[in-house]
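Terminal number for the sequence shown in the working numbering: 243, no gaps in between.
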Amino acid sequence: MLANIREIAIIVTPSQIDYFKKLLGNGVSLGIKLQYLIQDKPNGIAESLLISENFLAGDKCALILGDNIFHGPGLGRRLSMFNILTGAHIFGYKVKNPESYGIAKLDKDGNILELSEKPVDYNSNIAIPGIYFFDENASTYTHRLRPSERGELEIIDLLKIYHSKQLLKLEMLPRGTAWFDSGTFEDLHDASTYVRLMQDRTGERVGDPNEIAKFLNH
Numbered sequence: 026m027l028a029n030i031r032e033i034a035i036i037v038t039p040s041q042i043d044y045f046k047k048l049l050g051n052g053v054s055l056g057i058k059l060q061y062l063i064q065d066k067p068n069g070i071a072e073s074l075l076i077s078e079n080f081l082a083g084d085k086c087a088l089i090l091g092d093n094i095f096h097g098p099g100l101g102r103r104l105s106m107f108n109i110l111t112g113a114h115i116f117g118y119k120v121k122n123p124e125s126y127g128i129a130k131l132d133k134d135g136n137i138l139e140l141s142e143k144p145v146d147y148n149s150n151i152a153i154p155g156i157y158f159f160d161e162n163a164s165t166y167t168h169r170l171r172p173s174e175r176g177e178l179e180i181i182d183l184l185k186i187y188h189s190k191q192l193l194k195l196e197m198l199p200r201g202t203a204w205f206d207s208g209t210f211e212d213l214h215d216a217s218t219y220v221r222l223m224q225d226r227t228g229e230r231v232g233d234p235n236e237i238a239k240f241l242n243h
């Protein structure tokens with residue numbers, strides 16, 4: 026919302042869709058439009074660009090994974106600059122366990138040399154967090170993908186297409202930005218603890234869409 030995105034598709038499993046609808050409704054009360062789409066099976070992150078192809082209608086888009094949580098100074102506003110772009114834009118974040126993430130190897134000038142998915146023998150500690158900005162060709166390129174060995178359409182393979190066309194850029198998330206990939210109970214607990222501590226110490230809400238909606242309407 027702070028990145029000036031007002032039309033949002035939420036992609037969920039059939040068993041979850043009613044919970045999200047009950048929680049968020051159609052988004053009107055928040056000043057946004059929400060649409061709900063179903064992914065029947067876990068066929069990969071990139072499949073979301075096929076599921077939402079009609080929703081996107083040839084427009085540029087941002088894709089964020091539901092279990093990724095970001096928080097940092099001015100982060101939302103800063104992301105708005107990527108709403109108009111050619112190609113694709115991703116972010117980097119240094120981690121101590123690169124084997125758990127998609128990884129980008131950079132040259133001394135910050136240009137992408139190589140992309141790899143959860144490498145066993147890694148030569149970089151720069152993970153690619155689950156937020157991506159794509160131009161209007163994302164769905165078209167995704168149609169070219171074939172399932173990986175684990176049977177999924179891999180987002181890293183889509184990024185490699187953009188990279189092969191010299192249309193992929195990476196920017197390191199600013200120091201002080203918190204990123205949680207909360208896909209496990211332990212990681213979700215860590216994210217919850219961070220949010221609680223930030224709210225207790227500052228007296229301000231973290232990521233409250235109702236508060237953001239009021240701020241944007243002033």
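Where is the CB? At the ideal position from N, CA and C, for every residue including glycine.
- With respect to the C-alpha of A152, the residue from R221, P98, L198 and I42 having the closest C-alpha is L198.
- The straight-line gap separating the alpha-carbon atoms of E236 and S54 is approximately 11 Å.
- For L59, the uninterrupted beta strand (DSSP E) segment begins and ends at K58 to I63.
- Along the length of the segment 94-122, whole alpha helix (DSSP H) runs at least 4 residues long occupy 100-104, reported in chain order.
- A direct Cα-Cα distance of roughly 10 Å separates Y118 from L195.
- About 14 Å separates the Cβ atoms of F45 and I57, ruling out a contact at the 8 Å cut-off.
- The Cβ neighbour count for T227, taken over all protein chains shown within 10 Å, is under 16; the residue is labelled exposed.
- Runs of the beta strand (DSSP E) spanning 3 or more residues and lying entirely within the segment 115-179 occur at 127-131, 137-142 and 156-159, in chain order.
- Taking the Cβ atoms as the reference, L88 lies roughly 5 Å from Y157, within the contact range of under 8 Å.
- Annotation note: the segment 181-238 contains the following uninterrupted alpha helix (DSSP H) runs of length 4 or greater, listed N- to C-terminal: 210-227.
- Counting C-beta pairs with one atom in each stretch, the segment 162-169 and the segment 63-77 have three or more that are closer than 8 Å, which means they touch.
- Excluding five sequence positions before and after I180, the CB atoms of its chain that fall closer than 6 Å to its own CB belong to I70 and A71, given in chain order.
- For L88, the secondary structure class from DSSP, reduced to helix, strand or coil, is strand.
- Here T218 is exposed: its Cβ has fewer than 16 other Cβ atoms, across all protein chains shown, within 10 Å.
- Taking C-beta separations shorter than 8 Å and ignoring five residues to either side along the sequence, the partners of P123 in its chain run P144, Y147, S149, N150, I151 and A152, following chain order.
- Put simply, the backbone Cα of L27 is about 16 Å away from that of L59.
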